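>
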Amino acid sequence: MTFEAYLNYFEDVLTNPSNYPTYSDPEYLNYAKLNWSRMNRWLKKFEVSEEARAFFSASTQKQTWILITEPWCGDAAHSVPQIHTLIKDNPNIVLDIQLRDSEPFLIENYLTNGGKSIPKLIIRNELGEDMAIWGPRPAALQQIFDEMKAEGKEFEDIKTYFQTWYNSDKGVELQQELVALLSVVEKN
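The sequence shown begins at 118 in the numbering used here and counts up by one.
1. So, are the CB atoms of F127 and W153 less than 8 Å apart?
2. Shortest alpha-carbon distance to I240 belongs to which of E144, C190, I204, E220?
3. For my contact list, N207 and S176 are in at a C-beta cut-off of 8 Å; report their separation, rounded to the angstrom.
4. Throw me the rounded Cβ distance for the M248 and V302 pair, which I believe falls under 8 Å.
5. Between which residues of its own chain and M265 is the CB-CB distance below 8 Å, once the five residues before and five after are set aside?
6. Which value, in whole angstroms, describes the spacing of the CA atoms of E271 and F262?
7. Distance, Cα to Cα, E243 vs L299?
8. What separation, rounded to the nearest whole angstrom, lies between the Cα atoms of K287 and Q280?
9. Count the other CB atoms within 10 Å of the CB of Q180; is the residue buried (16 or more) or exposed (fewer)?
This is how it looks when you write it as structure tokens:
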């Protein structure tokens with residue numbers, strides 16, 4: 118689905134949660150509500166670096182960026198709007214949002230350490246071949262997550278740390294990683 122269709126889906130989840138079994142669970146619905154406000158904040162305040170702006174606007178290779186996500190995902194609340202903003206003005210890059218928990222279950226082919234972690238970005242060339250894969254979060258934060266998990270930190274503590282990290286990073290790591298990843302891929 119397009120980014121706009123994803124926003125419409127997300128809004129419908131919040132407006133009619135009883136139509137979506139996952140969001141009948143108040144915990145998931147609360148995550149989605151929080152993520153909606155976080156995502157909208159990034160859509161208004163996210164600043165693309167000059168390097169990333171120049172890089173993504175100059176990309177002439179036709180690509181499809183498949184972004185696997187769900188409204189309940191905290192990491193996605195930050196990364197999805199940032200990724201959309203990075204590429205939205207380049208007509209050579211099409212963003213296709215897929216839901217993790219709905220068919221065709223594309224996530225099954227892109228597991229992280231055996232898990233269905235999202236968001237997951239798959240960048241394909243015009244032949245439909247995978248050129249690059251990113252996610253579920255910036256590498257620096259993934260390393261912190263792995264350490265916190267190994268230490269047995271509580272999920273609430275991890276979520277709080279992540280929110281602080283995302284707010285202070287402001288999408289800098291994500292931009293740098295995607296520019297570096299595609300710089301290598303586009304040379305080949």
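Cβ coordinates follow ideal geometry from the N, Cα and C atoms, glycine included. Quick caveat: nothing in here was measured; it's all calculated off a predicted structure.
To lay it out plainly:
1. yes
2. I204
3. 6 Å
4. 5 Å
5. D274, I275, Y278
6. 11 Å
7. 15 Å
8. 11 Å
9. buried
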